[in-house]
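> The working numbering numbers the first residue of the sequence shown as 250 and each following residue consecutively.
Structure below; questions to follow.
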Amino acid sequence: MPNVTPAIAALSAVLNEYWDWLHTQPQWAGFTRVEMQHRYQGSTQYDGPDYEQLVERLTQAVVVVAEQARDTGYLAPATAALLEAVLVDELWEDLLDLCTSTLPPPLRADLLRAGLAHWATPVRLLCAERIGEFPFAGAEGLLDDAVAHANPVIVRRFALLALAQLASARAVAWAESFLSPLHPDEYLVIASMDILAEHAPSRLSPLMPALSKHPSKYVRLRTSPSGSPAGSQPLP
Numbered sequence: 250m251p252n253v254t255p256a257i258a259a260l261s262a263v264l265n266e267y268w269d270w271l272h273t274q275p276q277w278a279g280f281t282r283v284e285m286q287h288r289y290q291g292s293t294q295y296d297g298p299d300y301e302q303l304v305e306r307l308t309q310a311v312v313v314v315a316e317q318a319r320d321t322g323y324l325a326p327a328t329a330a331l332l333e334a335v336l337v338d339e340l341w342e343d344l345l346d347l348c349t350s351t352l353p354p355p356l357r358a359d360l361l362r363a364g365l366a367h368w369a370t371p372v373r374l375l376c377a378e379r380i381g382e383f384p385f386a387g388a389e390g391l392l393d394d395a396v397a398h399a400n401p402v403i404v405r406r407f408a409l410l411a412l413a414q415l416a417s418a419r420a421v422a423w424a425e426s427f428l429s430p431l432h433p434d435e436y437l438v439i440a441s442m443d444i445l446a447e448h449a450p451s452r453l454s455p456l457m458p459a460l461s462k463h464p465s466k467y468v469r470l471r472t473s474p475s476g477s478p479a480g481s482q483p484l485p
């Protein structure tokens, strides 16, 4: 059985280099690594040979760790490093997809379960989405709990949309609870409208008059008499 420790150490070393490199960028001057990780949203574009080389090495390191976890059948030592790699700008979704495609279902479930409980919101959002795509025993309960209690509210929305893929009746019940009375978060309201439009349109119809007077223009757009179904426009 191969020893995964050197591969994890190599991934951690490249991650250290990445965060050190990021710290040299003007917009991150004065931030600590922890502060950067908490503020990071995977939306900034970088380029240049140093960055490209770093990204290539990081991707290779993730593949090696995921493959060794697959071969040993044991993910636990690698979980933290793999989920930290998911935070990397521009690659966060690609790196998680690399992991989910490499790991066998039991280890993939372990990674997604840990990701849904991760401290970083982007990681939690992505893992909630992937749980909807790659369900496992207990997945519905995890998503249901996230819909009920997750903070910030955007995690609840992503968990609700994933839950709709696995347990539409439960998702419909949650959606109704967010629409009557109206939840203050407009995007959770819109997601709930979309779920009812797809899975229980007859339950959405009686709510439309109240929704048409919602203070959010995005909610009102979903109730427009233009003939478009409530769920036809993407979330803003």
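From the three backbone atoms N, C-alpha and C, an ideal C-beta is built for every residue, glycine too.
For clarity, every value in this text was computed on a predicted model and none was experimentally measured.
Suppose you measure from the CA of R471 to the CA of E425; what does that come to, to the nearest Å?
Whole-angstrom Cα-Cα distance: 16 Å.
> Between the alpha carbons of V468 and E435, how many angstroms are there, rounded?
Each residue's alpha carbon lies about 7 Å from the other.
> Give me the Cα-Cα distance between T315 and A446, rounded to the nearest whole angstrom.
Reading off the sequence shown, one finds Ala at residue 315, where the question assumed Thr. Approximately 39 Å, taken between the alpha carbons.
> Counting Cβ pairs closer than 8 Å, one from the region 318-328 and one from the region 397-416, do we hit at least three?
No, they do not touch.
> Are the beta-carbon atoms belonging to I380 and A334 less than 8 Å from one another?
No, these two residues do not count as a Cβ contact at 8 Å.
> So, do the region 338-348 and the region 302-312 have three or more beta carbon pairs nearer to each other than 8 Å?
Touching, per the Cβ criterion.
> Is the Cβ-Cβ distance between E389 and R419 less than 8 Å?
Their beta carbons are under 8 Å apart, which means E389 touches R419 by this criterion.
> My output table needs one value for L431: the three-state DSSP class, helix, strand or coil.
It is a strand residue.
> May I have the straight-line CA-CA distance separating D443 from D393, to the nearest angstrom?
Rounded to whole angstroms, D443 to D393 spans 18 Å at the Cα level.
> Compute the Euclidean distance between the alpha carbons of Y295 and M285, then round it to the nearest angstrom.
So the alpha carbons of these two residues sit roughly 15 Å apart.
> Using only alpha-carbon positions, find the residue among A325, A397, A256, V283 that is nearest to L209.
The chain is shown from 250 up to 485; residue 209 falls before or after that span and cannot be answered.
> Report the rounded CA-to-CA distance for P478 versus V263, giving the unit in angstroms.
Confidence in P478 is poor, its pLDDT being 43 and thus under 50, which makes the residue's placement too unreliable to answer from.
> Please go through the region 273-303 and give each complete alpha helix (DSSP H) segment of 4 or more residues, from N-terminal end onward.
Here the runs fully enclosed are 282-288.
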